Amino acid sequence: MKNILIKILPLFLVVFMACEQDDSTADISRITYYNDIEFVGDETMYVEQGGTFDDPGVIAFEGEEDVTEDVIATGTVDTSTIGVNYVNYSITNSDGFAKEITRTVIVYPGYTSPIDVSGTYTGITRGETLPAGCVITNVAPNTYLATDFFGGVYCCGVRDYGLAYRLKTYFYVSEDGTTYTAMSTDSPWGPWNILNPSLSGTTFSHEVEQGGFSFAVELIKE
Numbered sequence: 001m002k003n004i005l006i007k008i009l010p011l012f013l014v015v016f017m018a019c020e021q022d023d024s025t026a027d028i029s030r031i032t033y034y035n036d037i038e039f040v041g042d043e044t045m046y047v048e049q050g051g052t053f054d055d056p057g058v059i060a061f062e063g064e065e066d067v068t069e070d071v072i073a074t075g076t077v078d079t080s081t082i083g084v085n086y087v088n089y090s091i092t093n094s095d096g097f098a099k100e101i102t103r104t105v106i107v108y109p110g111y112t113s114p115i116d117v118s119g120t121y122t123g124i125t126r127g128e129t130l131p132a133g134c135v136i137t138n139v140a141p142n143t144y145l146a147t148d149f150f151g152g153v154y155c156c157g158v159r160d161y162g163l164a165y166r167l168k169t170y171f172y173v174s175e176d177g178t179t180y181t182a183m184s185t186d187s188p189w190g191p192w193n194i195l196n197p198s199l200s201g202t203t204f205s206h207e208v209e210q211g212g213f214s215f216a217v218e219l220i221k222e
């Protein structure tokens with residue numbers, strides 16, 4: 001009987017401690033509302049070199065409460081220089097949880113190029129010929145977005161890593177239509193340099209380089 005009492009006693013202590021802990025935390029449960037930020041206007045915007053960028057901003061809510069005035073915007077847009085700029089919008093809720101979104105602002109050249117290079121291109125690179133290896137879209141005057149300046153060799157060639165493994169590139173064409181300049185590149189491995197670009201009609205030739213490793217790419221319009 002004595003042994004039974006000794007075994008039961010710790011059980012009562014555990015139950016008592018658990019109940020006491022529940023009582024001490026019973027009144028502090030509450031709902032956390034995470035912030036929601038939405039762009040006013042487009043996520044990617046375009047402005048001519050030398051023009052003016054008017055930031056339309058964002059709107060933000062915490063639950064049903066409008067907290068737009070608490071948003072902090074950082075980053076500047078240099079409209080004097082052709083290139084890609086970023087504006088970040090961040091907000092932290094009452095419980096310390098932060099959220100951030102980023103707007104891309106493309107500053108494009110003000111001249112008119114003699115050619116339009118938008119279309120679907122076959123990629124020729126690293127011993128492979130890859131139909132539809134790159135699609136180029138005109139996004140602003142003389143300014144384009146290429147789905148893959150690798151020419152499709154990683155996403156869709158014998159390596160077949162998947163569509164994520166492309167080199168997304170913003171670029172603009174020179175005024176005489178004989179070359180082009182990358183404004184930004186993005187891939188799962190980070191940015192790459194676009195070297196020795198040459199444009200003959202609608203055939204692109206360049207090298208992609210990162211960390212000393214490089215290879216040549218040719219894109220021929222289909």
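Residue numbering for the sequence shown follows this note's numbering, beginning at 1 and increasing consecutively. All C-beta atoms, glycine included, are put in the ideal place defined by N, C-alpha and C. Bear in mind the structure is a predicted one, so any value in this text is a computation, not a measurement.
The beta-carbon separation of L195 and E209, rounded to 5 Å, stays under the 8 Å limit for a contact. According to the DSSP assignment, F215 belongs to the beta strand (DSSP E) that extends over F213 to K221.
Within a 10 Å sphere around the beta-carbon of L163 sit fewer than 16 other beta-carbons, which makes this residue exposed.
For L199, the uninterrupted beta strand (DSSP E) segment begins and ends at N193 to S200. Partner residues in the beta bridge of Q210, as assigned by DSSP, are F213.
Taking 8 Å as the upper bound for CB-CB distance, Y121 and E222 are in contact here, some 6 Å apart.
Judged by DSSP secondary structure, L145 falls within the beta strand (DSSP E) whose first and last residues are T143 to A146.
D36 sits in a strand when the DSSP states are folded into three classes.
In summary, G152 is buried, with 16 or more beta-carbon neighbours lying within 10 Å of its beta-carbon over all protein chains present.
As computed with DSSP, T122 is found in a beta bridge with I220. Cβ-Cβ distances below 8 Å link D78 to N85 and V107 in the same chain, with the five nearest sequence neighbours on each side left out; the list follows chain order. Per DSSP, reduced to three states, the secondary structure at T137 is strand. Minimum Cα-Cα distance from L167 among the listed residues T178, G133 and T81 corresponds to G133. Per the coordinates, the alpha-carbon of E64 lies some 47 Å from the alpha-carbon of V117. A straight-line Cα-Cα distance of about 39 Å links G110 and D160.
In chain order, T79 place their CB closer than 7 Å to the CB of G51, counting only its own chain and leaving out the 5 sequence neighbours on each side. Shown here, D42 sits in coil according to DSSP, grouped into three states, outside any helix or strand. Residue pairing by DSSP places N88 opposite T74 and T102 in a beta bridge. The shortest CA-to-CA distance from P197 to any of P188, E207, W189 and D42 is the one to E207.
For A164, no beta strand (DSSP E) segment is defined, and its DSSP state is neither H nor E.
Taking all protein chains shown into account, N142 has 16 or more neighbouring C-beta atoms within 10 Å of its C-beta and is therefore buried.
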